[in-house]
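S.K.: Quick note: the sequence shown uses our numbering, first residue 39, plus one each step.
Pasting a structure below so you can have a look.
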Amino acid sequence: MLLINILDNSLPFTNPVLKFLIILIIILLAPILLNKLKIPHILGLIVAGAVIGPNGFNLLLRDSSIILSGTAGLLYIMFLAGLEIDMNEFKKNKFKSLLFGLFTFSIPMTFGILVGVFILKFSVLTSVLLASMFASHTLIAYPILGKFGITKNRSVNLVVGGTMITDTLALLVLAIIVGMTKGTTNSEFWIQLFISVIVFGFVVLHIFPIIGRWFFKRCHDHISQYIFVLVILFLGAFLAEVAGVEAIIGALLSGFALNRLIPPTSPLMNRIEFVGNAIFIPFFLIGVGMLIDYRAFFTDFETILVAIVMTIAVTLAKFIAAWATQKSFKFSVDERRIIFGLSIAHAAVTLATVSVGYNIIIGETATGEPIRLLGESILNGTIIMILVTCTISTFVVQKGSRNLSLLQSTAKDKTNVANKEKILIAINNVDTVEELISLSTIIKSKENKNALFALHVINNNTTDVNAETNAVKILDKALKIGASTDIKLNKLLRYDLNIMNGILNVAKEKKATDLVLGLHVKTNISESFLGSLTEGVLSKCNATSFIYNPSQPIATIKRHIVIMPNHVENEIGFPFWLDNIWNISYNTSTKIIFYGTEQTIKVIQNIHEEHPIDADFITFDSWNNTKALSSNIKLDDNLIFILTRKDEPSYNKNIKNISIYLNRYFKSNNFILVCPIMKTDSINDTIEFNNPSLLEPIEKLDEIGKTIASVFRKK
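If you want it as structure tokens, here you go:
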């Protein structure tokens, strides 16, 4: 009897536990079942929402809890789009995004007005508002891109930028139409709208990053960091509404604001994506499905006509916009599929527009019935259009994503047949574990998911009975941090004569290509530090070595300053550490500033032309000029010093003063000391260059470049 009372047989269900259980079962089973049928699970969640919703079996109502969770999911989609965009690619393609935004706004607007006036016989005002619904779109299929690993493709960056433009313009049209119906579109309206939007944009894009950097420097608790991200997301959305634009614009800009502070390889990004894809976004998709009323197809001919005309018109208009963009920039067919698939889906702004238009009463019929700016037929037709466009979007984006992903994999196979990158992280201090792993995840290639090794060495002669217990704790912490970034970290516990010997032996056994060491500095670096280190690990380890001193989280760094000695481009290790520097830019979208001689800068600029990153190049020809260099260094800069060795072309006797420079000028900065691999005859037997494509521009430069490149192409 008690069980019957709990379940309550009446529909829709009102028990909150049962409601949540039903939704979770749908979220769990939809991907599993639909993947077998090769149907995008996003579509399955929408259909499931229609089946269980008030217009289906009426199991659940689209009540305030569904609306709240769905709104959070919609904002989450837009926030992720802004957070995951490649800012370097976005800056490079900003004019392309602008052109696409104008294409995908103006073409559907034109179609919408013509269809509304001449085919559906609506008034001009209604037709303009209908056209604004055509122009807007929602990145509902964006989660599919992440599954195929193409969120940083140029077509995706272009669409994300264009979305901000077209949705803003569409919402501006909505604001104007509402103002016209209320008679408030005077000069004061325009001034207020202009000022509020400018202030809103400045606060989100300039103040939010400052707040974010301040917070991440001081708070290292992962839960607090995630809650902070949610606060920024919803604060940006709220400020957008205060400014008179839709909340999704605020969510998108909030993602832009935190983009450089949350690297894609970080544990925080992993948590953001996980929670969004597991909970928030599915709630939104199910909520959209609950709006669909299949009965409208069988009960109202006008609704059927409006729905068919709207769907055909918007599909054709968005395809023409995508086709025009493809032809303008010579994109591939699959990139056009991505552009079309992402821009065809209508949900957020469309729902907002039709809701506002439906609630605007412009008169009454003879019987006293209200005449709405957007009537019942448009409301029902819009819901059907949302279902159809979302269906098209998921299928098209999935096909384009799969093809682009396969193309990327094929290209990697051709240029990187045997990827042998292995990164050894020597961990002996619990305080530096997280930062050492963070550094390792940004210097590695994206393809390296399981060739990272965390090593702790215990001295054979130690008298500490807790040495092994402490070592296991440190390594377990490292393993946990690695798992939070979706990286399989291999832990190694080694007993040896001393720490240095243990690191050298393991590096040789594992054939490590890169070695990451921590430098936990509380006071000064001793003058003997560099000499001891070089004579020890660095002089005997045939791997690119990174000695890292973290003064602040690496995610809060604004610029990476690379300081290079003369003739460093002539050394055998040059392409290796340069590959790591390129990975830093790819993985963090942070600016890299190279200081070097004219010849060195020329070599790197030659590479930059074919593999562009966000970088500046400054001629710097003397290590004696470090004092002058310090005036250009800011607190949020990370210094990367390329060290030199005797008998190498780049050797400089002033390298012995590096500890003095660091203590005197850069004590408060993050810094990395990079020791390139040595020139040995056995180099091809131990390591292989991870990114051969970077060598192609070097080969083209001069004979030295050809010699360097040929060493790595012998295989």
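All residues carry an ideal CB built from backbone N, CA and C; glycine is no exception.
(1) Figure out for me which residue from 365, 374, 384 has the closest Cα to the Cα of residue 348.
(2) Kindly give me the distance between the Cβ atoms of residue 179 and residue 380, rounded to whole angstroms, as I take these residues to be in contact under 8 Å.
(3) With respect to 6 Å, is the separation between the Cβ of residue 284 and the closest non-hydrogen atom of the ligand ATP below this value?
(4) List the endpoints of the continuous alpha helix (DSSP H) containing residue 469.
(5) Return the bridge partner residues of residue 554 from the DSSP annotation.
(6) With residue 331 as the anchor, note down where its alpha helix (DSSP H) starts and where it stops.
(7) How long is the line joining the alpha carbons of residue 194 and residue 123, rounded to whole angstroms?
(8) Given a cut-off of 7 Å, decide if residue 399 and residue 622 are closer than it, judged by their beta-carbon atoms.
(9) Between the segment 107 to 117 and the segment 306 to 318, are three or more C-beta pairs nearer than 8 Å?
(10) Could you check what DSSP says for residue 241 in three-state terms: helix, strand or coil?
(11) If the criterion is Cβ atoms closer than 7 Å, does the pair residue 378 and residue 360 meet it?
(12) Please classify residue 597: does DSSP put it in a helix, a strand, or coil?
(13) Mind reading off the beta-carbon distance from residue 170 to residue 231? Whole number of angstroms is fine, and I expect it under 8 Å.
(14) Are there 16 or more other CB atoms within 10 angstroms of the CB of residue 240, so buried, or fewer, so exposed?
(15) What first and last residue would you give for the beta strand (DSSP E) that runs through residue 146?
(16) Pull up the CB-CB distance for residue 625 and residue 302, whole angstroms please, since I reckon it's below 8 Å.
(17) Kindly indicate which residue of 657, 556, 263, 150 has the alpha-carbon position closest to the one of residue 708.
(18) May I ask you to report which of helix, strand or coil DSSP gives residue 641?
(19) Exposed or buried, residue 42, counting other C-beta atoms within 10 Å across all chains shown (16 or more means buried)?
(20) From the DSSP secondary-structure annotation, give me the bridge partner or partners of residue 708.
(21) I'd like to confirm the pairing. Which residues does DSSP put opposite residue 402 in its beta bridges?
(22) Tell me whether residue 651 sits in a helix, a strand or coil according to DSSP, three-state version.
(23) For residue 168 and residue 51, what's the separation of their Cα atoms in angstroms?
(24) May I have the straight-line CA-CA distance separating residue 104 from residue 590, to the nearest angstrom?
(25) Measuring CA to CA, which of 138, 486, 656 is closest to residue 362?
(26) Considering only residues of the same chain and omitting the five flanking positions on each side of residue 270, which have a CB-CB separation below 8 Å?
(27) For the alpha helix (DSSP H) that residue 175 lies in, which residues bound it at each end?
(28) What are the boundary residues of the beta strand (DSSP E) that includes residue 491?
(29) Would the beta-carbon of residue 236 fall within 7 Å of that of residue 443?
(30) Which residues does DSSP list as the beta-bridge partners of residue 217?
(31) How many Å lie between residue 405 and residue 286 at the Cα?
(32) Going straight from the alpha carbon of residue 254 to that of residue 276, what length do you get?
(33) Spell out the partners DSSP gives residue 372 in its beta bridges.
(34) Return the chain-ordered list of same chain residues with a C-beta closer than 7 Å to the C-beta of residue 430, the five sequence neighbours on each side being excluded.
(35) What residues in its chain sit with their C-beta under 6 Å from that of residue 307, if we drop five residues either side in the sequence?
(36) Taking the alpha carbon of residue 376 as the reference point, which residue from 597, 438, 82 has its own alpha carbon closest?
M.R.: Taking the coordinates as given:
(1) The residue you call residue 348 lines up with position 310 of the sequence shown. Here the closest residue by C-alpha is 384.
(2) Within the sequence shown, residue 179 is the residue found at index 141, counting from 1. Within the sequence shown, residue 380 is the residue found at index 342, counting from 1. At roughly 6 Å, the Cβ-Cβ gap stays under 8 Å, so residue 179 and residue 380 are in contact.
(3) By its list of ligands, the structure shown contains no ligand whatsoever, and the ligand ATP lies outside what it can speak to.
(4) Sequence index remark: in the sequence shown, residue 469 carries index 431 (1-based). First-last for residue 469: undefined, no H or E at that position.
(5) Here residue 554 refers to the residue found at position 516 of the sequence shown. Per DSSP, 463, 584.
(6) The count along the sequence shown starts at 1 and reaches residue 331 at position 293. Here residue 331 belongs to no alpha helix (DSSP H), and DSSP marks it neither H nor E.
(7) The residue labelled residue 194 in the question sits at position 156 within the sequence shown. The residue labelled residue 123 in the question sits at position 85 within the sequence shown. Answer to the nearest angstrom: the Cα atoms are 8 Å apart.
(8) For this step, residue 622 is matched to residue 584 along the sequence shown. For this step, residue 399 is matched to residue 361 along the sequence shown. For the 7 Å CB-CB criterion, residue 622 and residue 399 do not form a contact.
(9) Contact between the segment 107 to 117 and the segment 306 to 318 is present, because at least three Cβ pairs lie under 8 Å.
(10) Position 203 of the sequence shown, counted from the first residue, corresponds to residue 241. Three-state result, residue 241: helix.
(11) Your numbering for residue 378 matches position 340 in the sequence shown. Your numbering for residue 360 matches position 322 in the sequence shown. A contact, by the Cβ cut-off of 7 Å.
(12) Indexing the sequence shown from 1 puts residue 597 at position 559. Residue 597: strand per DSSP, three-state reduction.
(13) Against the sequence shown, residue 170 aligns to sequence position 132. Against the sequence shown, residue 231 aligns to sequence position 193. In fact, because the Cβ distance is near 16 Å, the residues do not count as touching under 8 Å.
(14) Residue numbering aside, residue 240 sits at position 202 when the sequence shown is read from its first letter. It is exposed - the Cβ of residue 240 has fewer than 16 other Cβ atoms within 10 Å.
(15) Working through the sequence shown from its first residue, we reach residue 146 at position 108. Element bounds for residue 146: not the beta strand (DSSP E) but the alpha helix (DSSP H), 132 to 152.
(16) Counting from 1 along the sequence shown, the entry for residue 625 is found at position 587. Counting from 1 along the sequence shown, the entry for residue 302 is found at position 264. Sure, about 6 Å apart at Cβ, within 8 Å.
(17) Here residue 708 is taken as the residue at index 670 of the sequence shown, counted from 1. Cα-wise, what sits closest to residue 708 is 556.
(18) As a first step, residue 641 is located in the sequence shown; it is residue number 603 there, counting from the start. The answer is helix: DSSP assigns residue 641 an H, G or I state.
(19) Stepping through the sequence shown from its first residue, residue 42 is reached at position 4. Any reading at residue 42 is ruled out, since the residue's pLDDT is 49, under 50, leaving its predicted position unreliable.
(20) As a working mapping, residue 708 is identified with position 670 in the sequence shown. Note: residue 708 sits in a beta bridge opposite 676.
(21) Here the question's residue 402 lines up with position 364 in the sequence shown. Checking the DSSP bridge columns, you'll see residue 402 partnered with 408.
(22) Numbered from 1 along the sequence shown, position 613 holds the residue referred to as residue 651. Reduced to three states, the DSSP call for residue 651 is coil.
(23) As a position in the sequence shown, residue 168 is number 130, starting the count at 1. As a position in the sequence shown, residue 51 is number 13, starting the count at 1. Taking the straight line joining both Cα atoms gives about 36 Å.
(24) Taking the sequence shown and counting its residues from 1, one reaches residue 104 at position 66. Taking the sequence shown and counting its residues from 1, one reaches residue 590 at position 552. Their Cα atoms are separated by approximately 41 Å.
(25) Within the sequence shown, residue 362 is the residue found at index 324, counting from 1. The closest CA to that of residue 362, considering only 138, 486, 656, is found on 138.
(26) Reading the sequence shown from its first residue, position 232 is the one you call residue 270. Leaving aside the five residues that flank residue 270 on each side, the residues in its chain whose CB is nearer than 8 Å to its CB run, in chain order, 246, 249, 250, 292, 295, 296.
(27) As a working note, residue 175 is residue 137 in the sequence shown. Careful: residue 175 lies outside any alpha helix (DSSP H) and carries neither H nor E.
(28) Residue numbering aside, residue 491 sits at position 453 when the sequence shown is read from its first letter. Per DSSP, residue 491 belongs to the beta strand (DSSP E) from 490 to 497.
(29) Counting from 1 along the sequence shown, the entry for residue 236 is found at position 198. Counting from 1 along the sequence shown, the entry for residue 443 is found at position 405. Not in contact: residue 236 and residue 443 (Cβ atoms no closer than 7 Å).
(30) The count along the sequence shown starts at 1 and reaches residue 217 at position 179. Looking at the DSSP output, residue 217 shares a beta bridge with no other residue.
(31) Locating residue 405 in the sequence shown gives position 367, where the first residue counts as 1. Locating residue 286 in the sequence shown gives position 248, where the first residue counts as 1. CA-CA distance, residue 405 to residue 286, rounds to 39 Å.
(32) Taking the sequence shown and counting its residues from 1, the one referred to as residue 254 is at position 216. Taking the sequence shown and counting its residues from 1, the one referred to as residue 276 is at position 238. Each residue's Cα considered, the two are about 22 Å apart.
(33) Within the sequence shown, residue 372 is the residue found at index 334, counting from 1. DSSP lists no partner for residue 372.
(34) One-based indexing of the sequence shown puts residue 430 at position 392. The answer, listed in chain order, is 353, 382.
(35) For the purposes of this step, residue 307 is taken as residue 269 along the sequence shown, with counting starting at 1. Within the same chain, residue 307 has close Cβ partners 300.
(36) For the purposes of this step, residue 376 is identified with residue 338 of the sequence shown, where counting begins at 1. Its Cα nearest to that of residue 376, the residue 438 stands out among 597, 438, 82.
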